[in-house]
Ligand SMILES: Cc1ncc(C[n+]2csc(CCOP(=O)(O)OP(=O)(O)O)c2C)c(N)n1
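Protein chains in written order, with the working numbering: chain W, 4 to 322; chain V, 52 to 406.
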């Protein structure tokens, strides 16, 4: 059974992810956020369930679809929104944009637009934690496409060999751009890979954040005790197009009915209902959380829009 | 009236014609059989030849490159396509250690006729990992051919040339060329490698431009003529082999050499061409060589910095003018990005995707 605090954390994290990206989707057509933007709307339970099991100093690595990972880890809306607007006050001073969110202060160690690119980096951070005799845990977030890279398999093997404190989190949304998983990989149950690398592997339901959280909490405990890595598959659905604020069923590779089926299983709605029913978090509390977040996001937008662009000389800084 | 095609249509036609003539040709790559067909370059081929010869691959780029090498040495003619040339870096081992070496290590008994296409991205904040221009990295390697066609005509002709070659070819295209149109013959034809193209003859200064920078330089050259400067513009189009004789004979005529590249300066193609002038054309040089490239930093995302990052036609024209007037060194000092006009690249409407 979840505690009130954990329920509140999970609900807040998911709603923060959702409302942040809904605001991005709303404002993107103004063409002021000039960077390719991959939204994770519908997939929030993965980031939220995992990050709720982490400490602030645990380290997270992400992909091109990085917004929810950083938001769930506790990212600063202002710095993120400003980054999307290419401003000097952004989380990477306008250098990185949507695909490269980073905030080391909260353990968000960066995001790569090269599929599979950050999986070994997460392994490296776990190795550093061990070499420094710390008990920090690392997390590699990646999509189902990440499993197609050699870096994934080599990382799983090395992390298992060295019993490193790391969680491999595969968000299986069945899709890479417009290509289904069954065109790219021999089987759908990604968690089965874990067995070959001699580590626990579980499949969780990305519409039920409590299942993701339970699996992550167990894996984190194991990692912190020095018992090695775990693999968690989160089955989920990307509501939006691969890149951009719109839907994509008009392209014909998936259907509107399928999207509607998944939207009916909205992880935030489902968890809100569960939390209310189980008397963990009342609807009234949920509404308060929402209005606080909405206010923060409005402030972040105002901050981003009014922030200055980087000076030309900034081009040559930070090398 | 010659028939006009867009650059992506010309590529598409090259694929279809080579597949028609040669059953050993097949196309593969991440997302190439999806609804967008890699910016329209693979749609026709997929329609005509089906998913057996035009297929999506997993994001296992290095291995799929090796798969291409293996298939090529066993009688096939694979074409592997990447949406960005940045992804070639994942495949560098198979390209450089394997594709480029196999024939030599086998004493010529095995050939690797393999075409690898990849695109340079630019604009809309695609940033450091999606806007690199990596031709020089591959041009360094004996055993590879590296081409960068600029016109639709050359895109078709050079791809068809690659399909007849027994070596591995890396074809690096620029995303901003894809919508450009130009005359393209309907029949099958080839454009040989190692031959540049004189875009415009002139006598005052030689401008060697690469990929999309050829278009920027064309605008610059028009500006220069208005100022009474008659520049000769060369579209390099083949990076390895390099058309040394075209560059040297143009230099002999003009006495001044400027290179404009989409890539970085250090160890870049512009360095190679400057070295060529130093080795074989020193006595023809009236002034030091001038190189215009992107600055020595990764591509920034912010539109405020991105606008300063790329050489513009104006930058090219003013640098060429300074060179002709013997003031190139002074000009280079003054043209630091801070002083450059933070404008949009001339003639281009803002690029907003698809990426
Ligand atoms: C190595 C590499 N290959 C191809 C791409 C182009 N690309 C960007 S995202 C993407 C799909 C990724 O799918 P997945 O890993 O499942 O993540 P999702 O987009 O579903 O979050 C592709 C093909 C890339 N960025 N990097």
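Beta carbons: idealized from backbone N, C-alpha and C, even for Gly.
Per DSSP, the unbroken beta strand (DSSP E) holding residue 166 of chain V starts and ends at 165-171.
The continuous beta strand (DSSP E) containing residue 171 of chain W extends over residues 169-175. The criterion of a C-beta distance shorter than 8 angstroms is not satisfied by residue 49 of chain W and residue 181 of chain W. A Cβ of chain W is located within less than 8 angstroms of the beta carbon of residue 175 of chain V. Here the C-alpha atom of residue 26 of chain W lies approximately 8 angstroms from the C-alpha atom of residue 300 of chain W. Relative to ligand 1, the beta carbon of residue 119 of chain W is positioned inside 7 angstroms of a heavy atom. When Cβ-Cβ separations below 8 angstroms define contact, residue 312 of chain W makes contact with chain V.
Taking 8 angstroms as the upper bound for CB-CB distance, residue 41 of chain W and residue 245 of chain W are in contact here, some 7 angstroms apart. Flagged as an interface residue toward chain V: residue 151 of chain W, by a C-beta distance shorter than 8 angstroms. A direct Cα-Cα distance of roughly 36 angstroms separates residue 216 of chain V from residue 178 of chain W. Chain W places a beta carbon closer than 8 angstroms to that of residue 82 of chain V, counting this residue as a contact.
In the DSSP assignment, residue 8 of chain W falls within the unbroken alpha helix (DSSP H) covering 7-30. For residue 382 of chain V, the enclosing alpha helix (DSSP H) covers residues 379-385. If you draw a 10 Å sphere on the C-beta of residue 135 of chain W, you find fewer than 16 other C-beta atoms in it, and that means exposed.
Contact of residue 65 of chain W with chain V by beta-carbon distance below 7 angstroms is absent, the smallest such distance being about 13 angstroms. Taking C-beta atoms as the reference points, residue 146 of chain W and residue 192 of chain W fail to come closer than 8 angstroms. Contact of residue 111 of chain W with chain V is not assigned, every C-beta pair being separated by 8 angstroms or more. According to the DSSP assignment, residue 196 of chain V belongs to the beta strand (DSSP E) that extends over 195-198.
Taking residue 181 of chain V as reference, the option from W/280, W/142, W/118 with the minimal CA-CA separation is W/118. Residues of the segment 216-234 of chain W with a Cβ closer than 7 angstroms to any Cβ of chain V: none.
A direct Cα-Cα distance of roughly 6 angstroms separates residue 104 of chain W from residue 114 of chain W.
Within 10 angstroms of the beta-carbon of residue 219 of chain V lie 16 or more other beta-carbons, which makes it buried. DSSP places residue 115 of chain W in the coil class of the three-state scheme, outside both helix and strand. Going by beta carbons, residue 137 of chain V and residue 183 of chain V fall inside the 8 angstroms limit. Apart from sequence neighbours up to five positions away, the residues of its chain that approach residue 278 of chain W with a beta-carbon distance below 7 angstroms are 10, 14, 284, ordered along the chain. Residues of the segment 264-294 of chain V with a C-beta atom less than 7 angstroms from some C-beta of chain W do not occur.
Listed in chain order, the non-local C-beta contacts of residue 242 of chain V below 7 angstroms within the same chain comprise 205, 208, 209, 212, local neighbours out to five positions each way being set aside. It is roughly 24 angstroms from the alpha-carbon of residue 194 of chain W to the alpha-carbon of residue 264 of chain W.
Listed by position along chain W, the residues whose Cβ is nearer than 8 angstroms to that of residue 178 of chain V are 38, 98, 99, 100, 102, 103, 116. DSSP lists V/56 as the beta-bridge partner residues of residue 233 of chain V. Of the other Cβ atoms in all chains shown, 16 or more fall within 10 Å of the Cβ of residue 309 of chain V; this residue is therefore buried. Classified as exposed, residue 280 of chain W has fewer than 16 neighbouring CB atoms from the shown chains inside 10 Å of its CB. For the segment 110-128 of chain V, the residues whose beta carbon sits under 9 angstroms from a beta carbon of chain W are, in order, 110, 111, 112, 113, 114. Per DSSP, the beta bridge partners of residue 129 of chain V are V/77.
Chain-ordered listing is empty here: chain W has no CB closer than 9 angstroms to the CB of residue 133 of chain V, the nearest sitting near 12 angstroms.
Under DSSP, the beta-bridge partners assigned to residue 206 of chain W are W/236.
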